[in-house]
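Asks: All residue numbers for the sequence shown refer to the working numbering, where the first residue is 31 and numbers rise by one. Where a beta carbon is used, it is the ideal one built from N, C-alpha and C, also for glycine. Computed from a predicted model, the values in this text were never measured in an experiment. The structure that follows is given in the form of structure tokens.
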Amino acid sequence: MLDILLPKFDGMSICRQLRQEGYQMPIMLLTALDAKSDKVIGLDAGADDYLVKPFDFQELAARIRALERRANSSLPPILEWESLQLNPSSCQVTYANQELHLTAKEFSILELFLRNNQRIFNRGAIIDNLWGAHSDPPEENTIKSHIKSLRQKLFKAGADYSFIETVYGMGYRLKPLSDRKISQTEPESVLTQTLLAEIALQQKAFKAKVGERVATLKQLINAMREGNQDSQIWQEAKYEAHKLVGSLGSFGFARASQIAGEIDDIFQDVTPQNQAQLLHVCKLVVDLQRELEQSEIQASDELNSNKLTQDVLLVVSDDEKIAEQLLDATGIIVNTATFSSIIKNGVISINASIVLIDFDSDSVIRETLKLVEEFSNRTPPVPTLVLTEKNSFNNSLELTHADGRGFLDKSMSSEKILEHITKVLQKYYKVFVCRSLKL
31 MLDILLPKFD
41 GMSICRQLRQ
51 EGYQMPIMLL
61 TALDAKSDKV
71 IGLDAGADDY
81 LVKPFDFQEL
91 AARIRALERR
101 ANSSLPPILE
111 WESLQLNPSS
121 CQVTYANQEL
131 HLTAKEFSIL
141 ELFLRNNQRI
151 FNRGAIIDNL
161 WGAHSDPPEE
171 NTIKSHIKSL
181 RQKLFKAGAD
191 YSFIETVYGM
201 GYRLKPLSDR
211 KISQTEPESV
221 LTQTLLAEIA
231 LQQKAFKAKV
241 GERVATLKQL
251 INAMREGNQD
261 SQIWQEAKYE
271 AHKLVGSLGS
281 FGFARASQIA
291 GEIDDIFQDV
301 TPQNQAQLLH
311 VCKLVVDLQR
321 ELEQSEIQAS
331 DELNSNKLTQ
341 DVLLVVSDDE
351 KIAEQLLDAT
361 GIIVNTATFS
371 SIIKNGVISI
381 NASIVLIDFD
391 SDSVIRETLK
401 LVEEFSNRTP
411 PVPTLVLTEK
421 NSFNNSLELT
431 HADGRGFLDK
441 SMSSEKILEH
451 ITKVLQKYYK
461 VFVCRSLKL
């Protein structure tokens, strides 16, 4: 309960400050000012009730009881977005059950986004909502600093750095949940498109190759059934059967590979001595053909069932401005990490399609090359690019030796950097898939 006219203080300002700091309990203003405009200002400042002096104490007690009932019966619900939970009553914020320690302004900004999760706020709109017309508004750059701090705290708790998304030319918003979910209607990532296209080509070549081997094997067995006991024919049939086992297994034909294995086992023993054995081998070849006609390549099915919606770019830098410049990119998730955190925690658990490493001096070239090698040694390897203002011939040689994908100049625009990243993704993963799926 606040009296508006206080020595050295203004009750309305105190009420407004309490609300800005996240205080959620009922507030009643007491005043001798009974103009409608004064009441409007008081309620807009965050008061729940407004009582004009002089008043009857029974009415005051009744109003207090009414506010208590209202507070107890309508506790504000917990606000949620992805793994984030904000409790307006306790002013507690958690992400994936990890508590975030926010300032009062950071809490208010986050609450504003959560209560208006479909809306885009520019800096001016955030100021209007949180500071109001009766307090000195901050500079718009102050909002940028609050957003930056919020992103850092969310990122440390495990959220994407773009959890609060920048909409170019418009403002900020919570990153839509639909962007985080796997959807058949969403654009596929460069990596997924490359994998699907390359596997489709490999499937076609694979089917042709397997068809040739099965046809050759069938001809050789028919020749033996007709009485040709040439050891050369036997060796050729043995070779074709053995090659089928490996290639069918690597492409996901489990049952077909098993049948080919039975044929291979027969050829590993002795030459069939009678027509019954040859007939059994011939029957297995027919079963193999039928199984191949009915089967689909499991590798393609697994890829389709685990599609990525977006590529993940990891920016390793101590300069957060670099990541912020790339956040507006469409079709790519931008995550950030510092050199110290990468060196401390390693690269094993990091999810990334491509890595952009920033360094400004020769003193970190060794750490950079070490990171490049570690990412290159993963399965599948993760391509790396180095962003720098200082390139040299020796550094280029060392980066190439470490299997890096090249240097990018810091003077390049964000669009050019992303264009280069996309080209590396397309080229790199196409080569990797060709090597991995080679018959």
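Any contact of the stretch 146 to 159 with the stretch 42 to 49, i.e. 3+ C-beta pairs under 8 Å?
Replies: Output reads no: the stretch 42 to 49 does not touch the stretch 146 to 159.
Asks: Hey, how far is the Cα of A91 from the Cα of M55?
Replies: Against the sequence shown, residue 91 aligns to sequence position 61. Against the sequence shown, residue 55 aligns to sequence position 25. Cα to Cα, A91 sits roughly 17 Å from M55.
Asks: Let me check understanding here. Comparing Cα to Cα, which of R99, D78, T61 lies closest to F85?
Replies: Counted from its first residue, the sequence shown places residue 85 at position 55. Answer by Cα proximity: T61.
Asks: Among residues of its own chain, excluding the 5 on either side of A189, which ones have a beta-carbon nearer than 6 Å to its beta-carbon?
Replies: As a position in the sequence shown, residue 189 is number 159, starting the count at 1. Counting only Cβ-Cβ distances below 6 Å, and skipping sequence neighbours, we find Y125.
Asks: Classify K351: buried if its beta carbon has 16 or more other beta carbons within 10 angstroms, exposed otherwise.
Replies: In the sequence shown, residue 351 corresponds to position 321, counting from 1. By the neighbour-count rule (16 or more Cβ atoms within 10 Å), K351 is not buried but exposed.
Asks: Does the stretch 239 to 259 touch the stretch 191 to 203, meaning 3 or more C-beta pairs lie closer than 8 Å?
Replies: No, the stretch 191 to 203 does not touch the stretch 239 to 259.
Asks: Let's see if you can read the secondary structure: which residues bound the beta strand (DSSP E) around T418?
Replies: Residue 418 sits at position 388 when you count from the first residue of the sequence shown. Its beta strand (DSSP E) spans residues 414 to 418.
Asks: Please name the residue, chosen from K186, S179, T196, L309, that lies closest to F151 on a Cα-to-Cα basis.
Replies: Working through the sequence shown from its first residue, we reach residue 151 at position 121. Comparing Cα positions, the closest option is T196.
Asks: Pull up the DSSP beta-bridge partners for T124, would you.
Replies: Residue 124 sits at position 94 when you count from the first residue of the sequence shown. For T124, which the question treats as bridged, DSSP gives the partners Q115, E129.
Asks: In the DSSP assignment, find the beta strand (DSSP E) that holds E195 and state where it starts and stops.
Replies: Stepping through the sequence shown from its first residue, residue 195 is reached at position 165. Start and end: 194 to 197.
Asks: Going by DSSP, what residues sit across from V203 in a beta bridge?
Replies: Your numbering for residue 203 matches position 173 in the sequence shown. Per the sequence shown, residue 203 should be read as Arg rather than Val. Partner(s): E195.
Asks: Terminal residues of the continuous beta strand (DSSP E) containing L438?
Replies: Translated into the one-based positions of the sequence shown, residue 438 becomes position 408. L438 -> beta strand (DSSP E) spans 437 to 439.
Asks: Do you know whose CA, among C121, Q319, E397, D78, lies nearest L274's CA?
Replies: On the sequence shown, residue 274 is found 244 positions in, with the first residue counted as 1. Measuring from the Cα of L274, the nearest candidate turns out to be Q319.
Asks: Ignore the nearest five residues each way along the sequence and tell me which others in V123's own chain have a CB closer than 8 Å to its CB.
Replies: In the sequence shown, residue 123 corresponds to position 93, counting from 1. Contacts found: L114, Q115, L116, N117, E129, L130, L132, F137, L140.
Asks: Which stretch, first to last residue, makes up the beta strand (DSSP E) that contains I384?
Replies: Against the sequence shown, residue 384 aligns to sequence position 354. First-last of the beta strand (DSSP E) with I384: 384 to 388.
Asks: How many Å lie between F193 and I289 at the Cα?
Replies: Residue mapping note: residue 193 aligns to position 163 of the sequence shown, counting from 1. Residue mapping note: residue 289 aligns to position 259 of the sequence shown, counting from 1. Approximately 51 Å between the Cα atoms of the pair.
Asks: Run through DSSP, which three-state label would T61 get?
Replies: The count along the sequence shown starts at 1 and reaches residue 61 at position 31. Looking at T61 - three-state DSSP - the assignment turns out to be strand.
Asks: Specify, as a first and last residue, the run of the alpha helix (DSSP H) that D158 falls within.
Replies: Within the sequence shown, numbered from 1, the residue matching residue 158 stands at position 128. Looking at the DSSP string, the run of the alpha helix (DSSP H) that includes D158 is 153 to 161.
Asks: Which residues bound the alpha helix (DSSP H) around D317?
Replies: Looking up residue 317 in the sequence shown gives position 287. First-last of the alpha helix (DSSP H) with D317: 305 to 324.
Asks: What is the residue span of the alpha helix (DSSP H) that D79 lies within?
Replies: As a working note, residue 79 is residue 49 in the sequence shown. Premise fails: D79 lies in the beta strand (DSSP E), 79 to 82, not in any alpha helix (DSSP H).
Asks: Run through DSSP, which three-state label would N365 get?
Replies: Translated into the one-based positions of the sequence shown, residue 365 becomes position 335. DSSP places N365 in strand when its eight states are reduced to three.
Asks: Taking just the CA atoms, how far does I384 sit from L455?
Replies: The sequence position of residue 455 within the sequence shown is 425, counting from 1. The sequence position of residue 384 within the sequence shown is 354, counting from 1. Approximately 7 Å, taken between the alpha carbons.
Asks: Please tell me whether G41 and L59 are closer than 8 Å, where the distance is taken between their beta carbons.
Replies: Start at 1 with the first residue of the sequence shown, and residue 41 comes out as number 11. Start at 1 with the first residue of the sequence shown, and residue 59 comes out as number 29. In contact: G41 and L59 (Cβ atoms closer than 8 Å).
Asks: What's the call for G76, buried or exposed, on a 16-neighbour Cβ count within 10 Å?
Replies: Along the sequence shown, one-based indexing puts residue 76 at 46. Buried, because 16 or more other Cβ atoms sit within 10 Å of the Cβ of G76.
Asks: Could you give the DSSP three-state label for E110: helix, strand or coil?
Replies: Position 80 of the sequence shown holds residue 110. Note: E110 maps to strand in three-state DSSP.
Asks: N171 lies in the alpha helix (DSSP H); which residues open and close that run?
Replies: Here residue 171 refers to the residue found at position 141 of the sequence shown. 170 to 186 is the extent of the alpha helix (DSSP H) around N171.
Asks: How far does the alpha helix (DSSP H) with I296 in it reach, from first residue to last?
Replies: Residue mapping note: residue 296 aligns to position 266 of the sequence shown, counting from 1. Taken as a continuous stretch (DSSP letters only), the alpha helix (DSSP H) holding I296 covers 284 to 298.
Asks: Among R100, S120, R99, whose alpha-carbon lies nearest the alpha-carbon of L109?
Replies: By one-based count along the sequence shown, residue 109 stands at place 79. Of the listed residues, the one whose Cα sits closest to L109 is S120.
Asks: Measuring alpha carbon to alpha carbon, tell me which residue in R100, E98, R99, I57 is nearest Y80.
Replies: If you number the sequence shown from 1, residue 80 lands on position 50. Checking every option, the nearest Cα to that of Y80 belongs to I57.
Asks: For L417, tell me which candidate among P411, E404, L399, R408 has the shortest Cα-Cα distance.
Replies: The residue labelled residue 417 in the question sits at position 387 within the sequence shown. Ranking P411, E404, L399, R408 by Cα distance to L417 puts L399 first.
Asks: Under 8 Å, do L415 and L448 count as touching if we go by C-beta distance?
Replies: Residue numbering aside, residue 415 sits at position 385 when the sequence shown is read from its first letter. Residue numbering aside, residue 448 sits at position 418 when the sequence shown is read from its first letter. No; because the gap between Cβ atoms is not below 8 Å, this pair is not in contact.
Asks: Can the beta-carbon of C312 be found less than 8 Å from the beta-carbon of R255?
Replies: Looking up residue 312 in the sequence shown gives position 282. Looking up residue 255 in the sequence shown gives position 225. Yes, they are a contact pair.
Asks: Is F423 helix, strand or coil when you go by DSSP?
Replies: In the sequence shown, the residue the question calls residue 423 occupies position 393. Interpretation of F423 is limited by its pLDDT of 46, a score under 50 that renders its predicted location unreliable; the figure taken from the coordinates is listed afterwards. If DSSP states are grouped into helix, strand and coil, F423 belongs with the helices.
Asks: Just verifying my parser: in three-state terms, what is the DSSP assignment at D74?
Replies: As a position in the sequence shown, residue 74 is number 44, starting the count at 1. Residue state, collapsed to three classes: helix.
Asks: Could you name the residues that DSSP lists as bridge partners for L343?
Replies: To locate residue 343, count along the sequence shown from 1; it is residue 313. V364, I384.
Asks: By how many angstroms is the C-alpha of Q305 removed from the C-alpha of A253?
Replies: Mapped onto the sequence shown, residue 253 falls at position 223. Mapped onto the sequence shown, residue 305 falls at position 275. Looking at the two C-alpha atoms, the distance is approximately 12 Å.
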